[in-house]
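Sequence lines, in order, name chains A and X. Letter by letter, the first sequence follows residues 5 to 109 in the numbering used here. Letter by letter, the second sequence follows residues 919 to 1090 in the numbering used here. Glycine included, C-beta positions come from ideal geometry on N, C-alpha and C. Inspection log for the structure reproduced underneath, given as structure tokens.
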Amino acid sequence: MTTELLAGLNIELDAEGFLVNADQWTPEIAEEIARRSGIEPLTDRHWTVIDFCRKDAADQGTPPTIRRITKNTDVSTKEIYQLFPKGPGILASRIAGLTKPKGCI
Amino acid sequence: MTTVLEQQTTGLAAGESEQEVTRKVAIICSKGSLDMAYPGLIMANAARMMGMDATIFFTFWGMDIINKKKVDHLHAGLLGNPSSPMPHSIMGLPGMEALATKMMVKKMEELDIPPVSELLEILDDAGAELYACQLAMEMFNLSTDDLVPQVKESITAMDFWEKAEGAQIVFI
């Protein structure tokens, strides 16, 4: 666990870069985590995914899998890999301030 | 002049050290039963989900997974399988394997696991590379038209090793 200065705030991150305290998440922190993961800037399409992840995690108590994201938004599998080229399974959740998704698909 | 050169060299070294090595997996699918098809495909998809490169090489009975006529009709391989939930004397009766397959497919649907043909589409969209074994194509008298469109090409065993350079290899 490390404490990093993100968007002017001291934020605790776990070994894989996920927020330890979900309450600390802000859109500015999302931009900063994305930038560190090579995504800059976050576009409306990224936000479609991030907003769905946050809403679904709040409803279900666990972050959505990629299959769940592509089935419930207008973002296709192809597009989600273009939006998060270094691995949408990890990155979408990390940027959305959630935990690592548990699903396999 | 020397200073400029040094700066350039330093800049290059810094850029290089920042480069991340992308993990890579190459999976050989050699079996065509439902229970042998899913593990390879799901492992490859999971690799892509976390940003790893994934290559799948279909060979021998694994060709059924990418055969247009067979992909949606793969059977659960329960005969000759010590983990079979029923005695072999019963599993061998007509219709039992079809029943077991149906039950497995139903359970997969409940868990929102896509059918094999859809999983191949997802893998292709996700950027996984699918290859057919050239020798197996010849052995089973298959042409490119017999295969699902997600297969990039048919390659030889030596081609596979070239593509798999630096990858972790999984044989199923």
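Neighbour list for cysteine 57 of chain A in chain X, Cβ cutoff strictly below 7 Å: None at all; the shortest Cβ gap to chain X is about 14 Å.
Beta-carbon separation (whole angstroms), threonine 52 of chain A vs threonine 77 of chain A, contact threshold 8 Å: 6 Å
Reference arginine 58 of chain A; option with closest CA among A:Thr103, A:Glu8, A:Leu10: A:Thr103
CB-CB length for threonine 81 of chain A against alanine 1016 of chain X, believed under 8 Å: Rounded, the Cβ-Cβ distance is 31 Å, inconsistent with contact.
Cα-Cα separation between threonine 1104 of chain X and proline 67 of chain A, rounded to whole angstroms: The shown model of chain X, from 919 to 1090, leaves out residue 1104 of chain X, and the question about it has no answer.
Phenylalanine 976 of chain X, enclosing beta strand (DSSP E) - first and last residue: 971-976
Proximity test, tryptophan 1079 of chain X beta-carbon vs the ligand ZN heavy atom, cut-off 8 Å: In the structure shown, the ligand ZN is absent, as is every other ligand, since no ligand is present at all.
Partner residues on chain A for methionine 968 of chain X, Cβ-Cβ distance less than 7 Å: Gly91, Gly93, Ile94
Closer than 8 Å at the beta carbon, the chain X residues around serine 80 of chain A: Asp1043
Counterpart residues of asparagine 1059 of chain X in DSSP-defined beta bridges: None; asparagine 1059 of chain X has no bridge partner.
CB contact below 9 Å: isoleucine 43 of chain A versus chain X: no
Which of helix, strand or coil DSSP assigns to glutamate 1015 of chain X: helix
Three-state secondary structure assigned by DSSP to glutamine 1068 of chain X: coil
Closer than 9 Å to chain A by CB, alanine 1075 of chain X: no
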